[in-house]
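Q: Reminder that position 29 of the sequence shown reads as 19 in my numbering, one-by-one numbering, no gaps.
Cβ coordinates follow ideal geometry from the N, Cα and C atoms, glycine included.
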Amino acid sequence: MLRPGSREAGHPDIVPVDDEAAFWDDHPAVLACLREPTPRIPAWFGYDVLGSQLFEAITRLPTYYLTRVERRLLGRHAAEIADLIGCGRVAELGSGTAKKTRLLLAACLEHRPTTYLPIDVSREMLEISGAALRAELPGLAVQGLWGRYEAGLEWLRNGSREPVVVVFLGSNLGNSTPAERDALLSDIATTLQPGDRFLLSADLQKAADTFETCYNDPPGRSAFAEFRLNHLTHLNRRFGADFVLDHFYPRAHYDPATAVVEGHLYATEEQSASLPALGLTLHLQPGESINVGFSAKFHRPRFVADVARRGFALQAQWIDAVWQYGIFLFHRT
Ligand SMILES: C[S@@+](CC[C@H](N)C(=O)[O-])C[C@H]1O[C@@H](n2cnc3c(N)ncnc32)[C@H](O)[C@@H]1O
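1) Exposed or buried, what is Arg79 when buried is set at 16 or more other beta-carbons lying within 10 Å of its beta-carbon?
2) Nearer than 7 Å: is that true of the beta carbon of Asp199 relative to any heavy atom of ligand 1?
3) Name the two residues that bound the continuous alpha helix (DSSP H) containing Ala47.
4) By the 10 Å Cβ neighbour count, where 16 or more other Cβ atoms means buried, how is Asp38 classified, buried or exposed?
5) Taking just the CA atoms, how far does Arg102 sit from Ala215?
6) Run the proximity test for Ala121: is its beta-carbon closer than 7 Å to any non-hydrogen atom belonging to ligand 1?
7) Near Ile118, which residues of its chain fall below 7 Å by C-beta distance, leaving aside the five closest residues on each side in sequence?
8) Just checking: is the beta-carbon of Arg227 within a distance shorter than 8 Å of some beta-carbon in chain D?
9) For the alpha helix (DSSP H) containing Tyr139, name the first residue and the last one.
10) Considering only the alpha carbon of each residue, which of Leu219, Phe318, Glu152 lies closest to Thr181?
11) Any heavy atom of ligand 1 closer than 7 Å to the CB of Ile4?
12) Select from Asp3, Ile31, Tyr205 the residue whose C-alpha is nearest the C-alpha of Asn281.
13) Which partner residues of Asn281 appear in the DSSP bridge assignment?
14) Are at least three pairs of beta-carbons, each pair with one atom in the stretch 241 to 259 and one in the stretch 127 to 140, less than 8 Å apart?
15) Is any heavy atom in ligand 1 found nearer than 7 Å to the beta carbon of Ala33?
16) If you count every other CB in all the chains shown that lies within 10 Å of the CB of Arg(-7), and 16 or more means buried, which is it?
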């Protein structure tokens, strides 16, 4: 990723929305996560340039159903969703390549002039998706908001009061811990005005083996392993750490009690890794792990109630019968 304030940050269609210090001085956040009883690396730290590419490779795995199912739902229902959204500003949290969002944006353009405001910490993803959208949907206005979710939402709050829909796809809400999720939902509710819309998707609870197959590499593929190990490469680069990738074994498990899939890097031998820039040394025994992935799975009625109590009312939902994956449209009350 490029640093805000660098010459390249002046791309006309990308606004750095984050405060440079807050965006890049993530030492306290990373340090706090690494000090948890099972050390953890926060979700967004996984999306450096290589991490973003590796996530794309994950979405192409035959066993990773989330992207395919969501694309199918959007393909089938985009016109109806665009109609119900009823506004010309579409802001998206964690937009990535925005390949699925394109289906929705094309349908929105059929109804009205539309401005797309993707929010992402990955500047490269904003550039790549912006260029692709401009080529495919020439009528679409695109302004990338480069920074963390909170900064993008603050930019929206301080800007135009025109109606807006906030889109959050990929069941990405589940990538936050319950406390982070709570804060994010409140932030979204505070940003939206009565009548604004919130469109989000959720992967619903199902049998454990479905998740374990989905979140581990199938034979002969390595996208998940590389994505998870890249968190350590990123720590090595950013904080001068000395993690040895060969000393870890990646594996994801689903815990039905918490309804969370956790991706871990398990130590294959006793080891110490030092992170001089954080003033930290991690000691790991064989079998101990670092948590590099958190995907909560949702119980539909509780999920809807949880969003609703922030000041939203469910307007419509589209649920895949086989994979139990849903897209939910709320309006701010
Ligand atoms: C799992 S990918 C999903 C991309 C896309 N929404 C999809 O459904 O395929 C998550 C995206 O969110 C971005 N992201 C993760 N955490 C973020 C945060 N806290 N603030 C802004 N962007 C974030 C990443 O850079 C990445 O592009």
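A: On the basis of the supplied data:
1) buried
2) no
3) 39 to 49
4) buried
5) 43 Å
6) no
7) Thr87
8) Reference to chain D is not applicable here, since this structure consists of a single protein chain.
9) 139 to 148
10) Glu152
11) no
12) Ile31
13) Arg30, His254
14) no
15) yes
16) With a pLDDT of 43 at Arg(-7), under the threshold of 50, the modelled position of this residue cannot be trusted, and the question is left open.
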